[in-house]
Amino acid sequence: MFTGIVEELGEVVRVEQAPGAARLTVRGPLVTSDARHGDSIAVNGVCLTVVDVSGGEFTVDVVHETLRRSSLAKLDVGRGVNLERAVRADARLGGHVMQGHVDGTGTFLSREPEGLTHFALPPELARYVVEKGSIAVDGVSLTVAAVSREEFAVALIPTTLEATTLGRVEPGDPVNLEVDVLAKYVEKLAAAHLAGVSVDNGPGKEDA
């Protein structure tokens with residue numbers, strides 16, 4: 001599990017392509033300070049398993065499914081990435097509960113001078129995003145300021161812009177999105193009970 005509080009802005013130092021997969025080596029002195037083989041580190045919000053650690057760098061394998069669902073396939077050497085180690089059970093939950101399982105990608109649209117930042121939202125994810133709810137963008141836990149069926153906006157403080165990749169994105173850049181997993185569980189549990197049940201919207205005009 002993760003919380004979306006980015007610990008370090010890392011850098012991709014090596015990309016090795018393989019049939020239907022890729023191997024990434026990322027520089028991250030802080031997250032590697034106690035990392036071991038088999039540990040989980042979120043890279044731009046994607047939970048990946050460490051296969052090697054050496055000299056402030058760690059290596060991870062990225063399978064086809066992850067490449068297909070996320071923006072990691074577009075990473076190249078020198079690119080900055082948001083890094084977070086898996087949260088400890090006794091740590092403060094500073095952001096919100098995240099799995100590191102990306103639901104899809106959005107697109108950076110624009111940023112207003114006061115910091116309100118707009119992203120395109122895939123239609124299939126729109127129902128899980130609500131105003132004042134939580135969403136993870138490239139692994140950063142954020143509060144939704146506004147949402148429609150096609151886009152959402154978040155208010156980014158200067159610290160977030162400086163300490164994460166969100167201060168470096170340009171219009172058209174893809175970003176990884178993870179919606180609140182609690183919303184997905186509620187939807188699944190409620191679906192069976194709501195199937196075929198009409199919703200009472202209160203008295204109609206004829207009843208007034």
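In terms of the UniProt record's numbering, the sequence shown has 138 at position 138, counting the first letter as 1, and numbering is strictly consecutive. From the three backbone atoms N, C-alpha and C, an ideal C-beta is built for every residue, glycine too.
DSSP three-state assignment for residue i, whether helix, strand or coil
i	result
Thr-66	helix
Ala-18	strand
Arg-127	helix
Ala-73	helix
Leu-194	helix
Thr-49	strand
Thr-160	helix
Ile-41	strand
Met-98	strand
Arg-85	strand
Leu-109	strand
Gly-104	strand
Asn-201	Bear in mind that the predicted position of Asn-201 carries a pLDDT of just 42, short of 50, making it unreliable; the figure below should be weighed with that in mind. Looking at Asn-201 - three-state DSSP - the assignment turns out to be coil, as it is neither helix nor strand.
Residues bridged to residue i [DSSP beta-bridge criterion]
i	result
Glu-57	Arg-27, Ser-54
Glu-151	Ala-120
Ala-146	Ala-153
Ala-136	Ser-141, Glu-178
Glu-11	Arg-27, Gly-80
Among the options, nearest to residue i - alpha-carbon criterion
i	options	result
Arg-79	Ser-40, Cys-47, Glu-187, Leu-24	Leu-24
Leu-48	Arg-36, Pro-19, Val-62, Arg-149	Val-62
Pro-19	Gly-56, Leu-30, Ala-42, Ala-73	Ala-73
Arg-36	Val-46, Gly-56, Ala-21, Gln-17	Gly-56
Gly-115	Gly-167, Gly-94, Ser-70, Arg-69	Gly-167
Val-181	Glu-162, Ala-191, Asp-138, Tyr-128	Tyr-128
Gly-38	Ala-22, Phe-58, Val-179	Phe-58
Val-60	Val-87, Glu-16, Asp-103, Arg-92	Glu-16
Pro-123	Thr-159, Ile-135, Ser-148	Ser-148
Arg-92	Tyr-185, Ile-5, Ala-195	Ile-5
Arg-85	Val-137, Met-1, Arg-14, Tyr-185	Met-1
Asp-34	Thr-160, Val-53, Ala-163	Val-53
Leu-121	Pro-113, Gly-104, Arg-111, Glu-112	Gly-104
Ala-22	Glu-187, His-64, Thr-160	His-64
Rounded Cβ spacing between residue i and residue j (contact assumed at less than 8 Å)
i	j	result
Leu-177	Gly-100	About 12 Å; that fails the 8 Å criterion.
His-118	Glu-170	Contact doesn't hold; Cβ gap of about 13 Å is too wide.
Arg-27	Glu-11	5 Å
Gly-94	Thr-3	5 Å
Thr-143	Val-130	Going by Cβ atoms, the distance from Thr-143 to Val-130 rounds to 11 Å, so no, they are not a contact pair.
Leu-83	Val-137	In fact, because the Cβ distance is near 15 Å, the residues do not count as touching under 8 Å.
Residue-chain proximity (residue i, chain D), Cβ-Cβ < 8 Å
i	result
Val-50	Absent here is chain D; the protein component of the structure consists of one chain.
Checklist line | 3 or more residues per run - each beta strand (DSSP E) lying fully within the region 162-192 | finding: 174-179
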